[in-house]
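Per UniProt numbering, the very first residue in the sequence shown carries number 1; after that it's consecutive. Backbone N, C-alpha and C define an ideal beta-carbon position, used for all residues, glycine too. Below you'll find the structure, written out as C-alpha cells, and then a few comments.
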Amino acid sequence: MDPVLRIVAILAAVVPFSFALYGAKSDVIQLTPQVFDDKVLKSDSVWLVEFYAPWCGHCKSLAPEWDKAATALKGIVKVAAVDADQHKDLGGRFGVRGFPTIKIFGANKNSPQDYQGARTAQAIVDEGLKVAKKVVSDRLGGKTGGKTGGGGKKTGGDSGGSGSKEDVVELTDSNFEDLVYNSKDQWLVEFFAPWCGHCKNLAPEYASAATELKGKFKLGALDATVHTVIAGRFGVRGYPTLKYFPAGSSSPSDAEEYDGGRTSSDIVRWCSDKVEENLPPPEIKEIVDDSVIREACDEHQICVVAVLPDILDTGAEGRNRYIKMLTDLGEKYKKKSWGWVWTAPGMHPKLEDTLGFGGFGYPALAAVNSRKKKLAIFKGSFSQEGLDEFLRAVGVGRGASESLRGDGIPELKKVEPWDGKDGQLPEEEDIDLSDFDMDEEEPRDEL
C-alpha cells in the first residue's frame, strides 16, 4: 500500500476512537500534549478542561452536558477535553487519577483548581462564569495572572500575584538543623545563588507553591553562596538544587533529590503526592452509631462498607483476619481518601437492606457514593486479590453501579461495640420439670 494511503487509513481508524465522545461539530475543544501548553497555559482565557477516558461510563454520561456547556460558554470561557487514557502523561502531569476529572485554569494557569460541582450543563456554566468574573475583578484591581510564558517564568512581577515570599522559610547554617531535622513536617529545600538566572526564574513559582502548600508542607530556601557549611554537607554543586526531607529526617542520608518540574503546579503536585504517600492508613471503623456511617460516607466521595460474618462463625481470630485485610486495602488505596467501615450481620438490618445485601451471604462489601445514592456491590470471592480488583475498578469509575434502595443511607441506632473476644453461645436456662405433668395422654381413637 502507498505510504500516504496507509497513514490516512491509520488516522481514519484512530482519530474517531480517540475523540469518540465529542464529534467534529462539537464546541468542545480537543486538546493533546502537543498543543496543551500553547493553547491553555499561555492563554489569557479561562479554561475548563475535562480529562476523560472513552470507555468511562461517567464520562459518557457527562458528554452531552459538557457539550451544552461548551456551546453556552462559546466566546466567553474555553471548554475543552483531553483523552487522558490515550495521553496518560498529560493526565499524570495534572494529577488525574480517575475519570472524568475536571480542572479549571483561571488567572493562575500554574495552579488549576478541581471542579467539585454538579455534572450538569447549568452548574458547569455557572462555575465558568464565576471564575471569569473573578478574573475580570482581579484585573480591575490590578492583580495579574499566573500565565506561563515560553520559558516557564511567570509574568506580572516576582510572584505573579499568587504567592508570598514570606511563605518560603529562610534557612541558614545556624537554623537549618533546628528547623528541618526532626521536624514533624515534610520539607522541600532550595539551595540557590543570588546571581543564578534559573534561581530567579524559579523564585516566583517557588513562592506561589509555598503559599498554596502552607500548613501542609514546608518550603525553605538557603543561599548556598553564604551558608556554605550546610550546602557543602549536601554536596550542592549547581543552582538551583532542590532536596526533599521526609518528616523526622535527622541526617544528610535522609534527603532525597527533587525530580519534579519547575512550575508552581509541578511543585505543588509533587509535594502533594509526597503528603499522600506518607498519610497513615485510614482507620477501619466499626459502625457503632449513626455518626460513624455519616462521617465515612457523607464526608468522603466513596465509602467502603463491609458486613463481616457473625462472630460465632469466625471467632475473634477470623474476624481480625478480615479487618486486617480491609486495613491492608485501606493502606493501598489511602490516596483515594475513602471512608472505611464494618459491622456484623443483624446489627443494622436497615443498612443491609439499603445496600441490597441479601442472597450473597457474609462477608459482604459495597463501595457507596452517598451523594449520588449509588453503590457497587462486590460479588466475587472475598479475598485480597478479589477485593483489590474490585476496588481498582471502582477507583477509575469502571465498577458496575446501581442505586441505593430507599432514600439513601438510613439513620442507624446505637449498638454495643465488639469486645474483641470470641463469641459465646447464649446460656440455656435450667428448667424445673417437676411441675410438668408427664403422664401419658389418654388413648385416642385412630382413623
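Per-residue burial, residue i [other beta carbons within 10 Å of its own, 16 or more giving buried]
{"i": "E427", "result": "exposed"}
{"i": "V136", "result": "exposed"}
{"i": "G339", "result": "buried"}
{"i": "Q186", "result": "buried"}
{"i": "E205", "result": "buried"}
{"i": "K414", "result": "exposed"}
{"i": "A80", "result": "buried"}
Close-in-space but distant-in-sequence residues of the same chain around residue i (CB under 6 Å, 5 per side omitted)
{"i": "T343", "result": "I287 and V307"}
{"i": "K285", "result": "V292 and V341"}
{"i": "F99", "result": "Y52, A53, C56, C59 and G397"}
{"i": "G95", "result": "R269"}
{"i": "A364", "result": "V307 and F357"}
{"i": "K68", "result": "A121"}
Rounded C-alpha distance that separates residue i from residue j
{"i": "M347", "j": "D353", "result": "12 Å"}
{"i": "V189", "j": "L41", "result": "26 Å"}
{"i": "G106", "j": "T71", "result": "19 Å"}
{"i": "I104", "j": "K133", "result": "14 Å"}
{"i": "S337", "j": "T225", "result": "42 Å"}
{"i": "E166", "j": "T211", "result": "9 Å"}
{"i": "E277", "j": "A207", "result": "23 Å"}
{"i": "L213", "j": "W66", "result": "31 Å"}
{"i": "V28", "j": "Y22", "result": "7 Å"}
CB contact check: residue i to chain D, cutoff 7 Å
{"i": "D422", "result": "The displayed structure is made up of one protein chain only, and chain D is not part of it."}
For residue i, three-class secondary structure by DSSP
{"i": "I293", "result": "helix"}
{"i": "K350", "result": "helix"}
{"i": "Q113", "result": "strand"}
{"i": "Y52", "result": "strand"}
{"i": "T343", "result": "strand"}
{"i": "C303", "result": "strand"}
{"i": "T101", "result": "strand"}
{"i": "A255", "result": "coil"}
{"i": "W418", "result": "coil"}
{"i": "G95", "result": "coil"}
{"i": "D276", "result": "Checking the displayed sequence, the identity of residue 276 turns out to be Glu instead of Asp. Note: E276 maps to helix in three-state DSSP."}
{"i": "E411", "result": "coil"}
{"i": "F36", "result": "helix"}
Own chain, CB closer than 7 Å to residue i, minus 5 neighbours either side, in chain order
{"i": "residue 453", "result": "Any answer about residue 453 is impossible in this case: the structure gives the chain only from 1 up to 447."}
{"i": "K274", "result": "Q186 and Y244"}
{"i": "L279", "result": "K334"}
{"i": "D266", "result": "G260"}
8 Å CB neighbourhood of residue i in its chain, flanking five on each side removed
{"i": "T148", "result": "Its pLDDT being 44, under 50, T148 is placed unreliably in this model, and the coordinates cannot settle the point."}
(request) Check whether the stretch 312 to 320 touches the stretch 375 to 386, counting contact only when three or more Cβ pairs, one atom from each stretch, lie closer than 8 Å. (result) no
(message) Check whether the stretch 250 to 257 and the stretch 218 to 228 touch, using three or more Cβ-Cβ pairs below 8 Å as the test.
(response) no
(request) Evaluate contact between the stretch 59 to 68 and the stretch 108 to 115, counting only Cβ atoms and requiring at least three cross-stretch pairs below 8 Å. (result) no
(request) Could you tell me whether the stretch 225 to 234 touches the stretch 167 to 176, using the rule of 3 or more Cβ pairs below 8 Å? (result) yes
(message) Would you call the stretch 295 to 304 in contact with the stretch 354 to 371, where contact means no fewer than 3 C-beta pairs closer than 8 Å?
(response) yes
(message) For the stretch 119 to 136 against the stretch 34 to 50, do three or more pairs of beta-carbon atoms, one drawn from each stretch, fall closer than 8 Å, so that the two count as touching?
(response) yes
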